[in-house]
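Presented below is the structure to which this report refers.
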Amino acid sequence: MTSRLLRRASLIIGTMSAACALPAVAQDRPVAFTGATIHTMAGPALDNATLVIADGKIAAVGTDIAIPADAERRDATGMVIMPGIVDTHSHIGSVAGADRSSPVQPDVRAMDAINPKDAGIAKARAGGVTTANVMPGSGWVMSGQTFYMKLRNGDTVEDIAYLFPDGGVMGGMKMANGTNPIGDTPGFPGTRAKSAALARAAFTDAQAYCRGDRKAKDLGKEALCEVLSGKRLVHHHTHRADDIMTVLRLQREFGFKVLIQHGMEAWKVAEELAAAGIPVSNIIVDSPGGKLEAMESRLETAGILERAGVLTSLHSDDGIIDSRLMFRQAGIAVRGGMTREGALRALTINGAKQLGLDARVGSLEPGKDADFLLISGDPLSVYSHIMETWVEGERLFDRTTEEGALMATGGYGAGSPMELAHHHWEVAASENSQ
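Counting from 1 along the sequence shown, just add 1124 to a position and that's the residue number in my numbering.
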């Protein structure tokens, strides 16, 4: 590479770094989007409607609302506006969790192994994700604390964290059963029964600790006290119907809040889940493989759960399903019998309710965070594209830009400043050779 090209590449990277430090549009005055079809997820879709945002919040939404005199007006005629996606099960950010030293590690925190600059976060925004439950893996009975991520631009993990009212970083507790935690590593369970026994032992020990003076602090048991008190939600990886029922037994015994993650055979026990009031974060894989537990997955699962009255969301498990393909998940759910409205709710407000974040996100209502998408047409159409993603009143993805197009359509590394710089290098090299 010539010195001229090196200087140009350095300039590109420097310019991009500055761009990444600031949103594409920083909201310094109200913005009004007019003429759009708006899915608020708080009621019926609104035609020829207006959304007004101010100070990072939803100021107003409706078909007959006053637009502030100083507002920037955006004509969104022909566009669809809806809340940002709440992905209830993701692994973006190069996250990691427990190691092979023990099958039960509630003290491990996913936030300590998340890279806020990971390219997968930018790609997820290109797919419309604005909130994600980022989790460690499922090869353990208990692999650690999950992290509720707000997909802002951020330099540190604290910059992209949701916070509990007491100021602590929000997240749940990842657990798993079925074949995933079973293995030959010393101390790990060799059967489903032993997995359940290890979970019971951990919760029983924690109950005694939580009732004690807690002067000799045990970080793992402290986290389990948060689970037992209901502060921290259990995210339980489970596929088979019998494994789902084991989770329900544990939940009845210890009283923790739980969200079934995956639930590929949840269709077999939908009535039981509904009766117990247990929600499901479902994944729909249209070409199952890789594990026997997925053998009886069905495209109809989300629809069956919806009809049974189970609060159901859809997730990516990124990279099992790319975060940019969440609307495809919803479309497949509709093909399997879920209602269109139910599928859109499964991407937005249902997940927000499951994570306990529905006071802030998941629907477009005054006072909530201005997290929303501008879509070129019907969200469930393969011909539609997410054009813009806004997080707390800042446009952080714009498909019409070169960087945005790369994030939306590129492969491995898309969203990385180096990847875009490489593209510029190739263009410059081509021009230089002519």
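Here a beta-carbon is modelled for each residue, glycine too, at the ideal position from N, C-alpha and C.
Treat the numbers as computed from the prediction; the structure is a model and nothing was measured.
Rounded to whole angstroms, the separation of the alpha carbons of P1207 and F1496 is 4 Å. About 7 Å separates the Cβ atoms of A1248 and A1256, confirming a contact at the 8 Å cut-off.
In the DSSP assignment, E1512 falls within the beta strand (DSSP E) that extends over I1510 to V1515.
L1383 sits close to Q1478, with the two beta carbons spaced by under 7 Å. Going by beta carbons, A1195 and A1156 fall inside the 7 Å limit.
With a 10 Å radius around the Cβ and a threshold of 16 neighbouring Cβ atoms, L1435 comes out buried. K1339 counts as exposed, since fewer than 16 other beta carbons sit within 10 angstroms of its beta carbon. The segment 1414–1433 and the segment 1448–1466 touch, with no fewer than 3 CB-CB distances between them shorter than 8 Å. Just measuring C-alpha positions, the residue of S1218, A1467 and D1442 sitting nearest A1454 is A1467. Within the model, the alpha-carbon separation for R1448 versus M1266 is close to 29 Å. The count of Cβ pairs closer than 8 Å, one atom from the segment 1480–1492 and one from the segment 1167–1187, reaches three, so the stretches are in contact.
Only buried fits L1352, as 16 or more other CB atoms lie within 10 angstroms of its CB.
Taking 7 Å as the cut-off, the Cβ atoms of P1227 and P1310 do not count as close. For L1348, the secondary structure class from DSSP, reduced to helix, strand or coil, is helix. Contact annotation, M1259 with H1359: C-beta distance approximately 6 Å; criterion of less than 8 Å satisfied. Under the DSSP definition of a beta bridge, T1161 partners with V1204. Residue ranges of uninterrupted beta strand (DSSP E) with 3 or more members, entirely inside the segment 1240–1289 and ordered along the chain, are 1253–1258, 1266–1269 and 1271–1274. Shown here, L1481 sits in coil according to DSSP, grouped into three states, outside any helix or strand. Burial state of P1168 is exposed, judged by a 10 Å Cβ sphere holding fewer than 16 other Cβ atoms. If you ignore the 5 residues before and after H1386, its C-beta comes within less than 8 Å of the C-beta of H1213, H1361, T1362, H1363, S1405, N1406, I1407 and D1441, all in its own chain and listed in chain order. With a 10 Å radius around the Cβ and a threshold of 16 neighbouring Cβ atoms, P1289 comes out exposed. Per the C-alpha coordinates, the member of R1197, A1166 and G1314 positioned closest to I1177 is R1197.
Between the segment 1325–1341 and the segment 1276–1288 there are fewer than three C-beta pairs closer than 8 Å, too few to call the two in contact. Boundaries around Q1331 are those of the alpha helix (DSSP H), R1316 to R1335, since no beta strand (DSSP E) includes it. For R1469, the number of other beta carbons within 10 angstroms of its own is at least 16, and it is reported as buried.
Distance from the Cα of D1188 is smallest, within the candidate group M1165, V1210, A1160 and D1211, for A1160. For I1428, the enclosing alpha helix (DSSP H) has its first and last residue at T1425 to A1432. Of the candidates I1402, G1414, K1345 and G1354, I1402 places its Cα closest to the Cα of L1372.
Counting the other CB atoms within 10 Å of its CB gives M1419 a total below 16, which places it among the exposed residues. When the alpha-carbon of L1423 is set against those of D1410, K1241 and V1293, the nearest one is in D1410. Annotation: L1374 is outside any beta strand (DSSP E); the continuous alpha helix (DSSP H) that includes it extends over A1365 to F1378. In this structure, I1216 places its C-beta atom within 7 Å of the C-beta atom of I1245. Beta-carbon to beta-carbon, T1174 and G1186 are separated by about 7 Å, close enough to satisfy the 8 Å threshold.
Residue pairing of D1442 in beta bridges, as defined by DSSP: S1214. Around the beta carbon of E1350, a 10 Å sphere encloses 16 or more other beta carbons of the protein chains shown; the residue is thus reported as buried.
Contact check for M1297 against R1356 passes: the beta carbons are separated by less than 7 Å.
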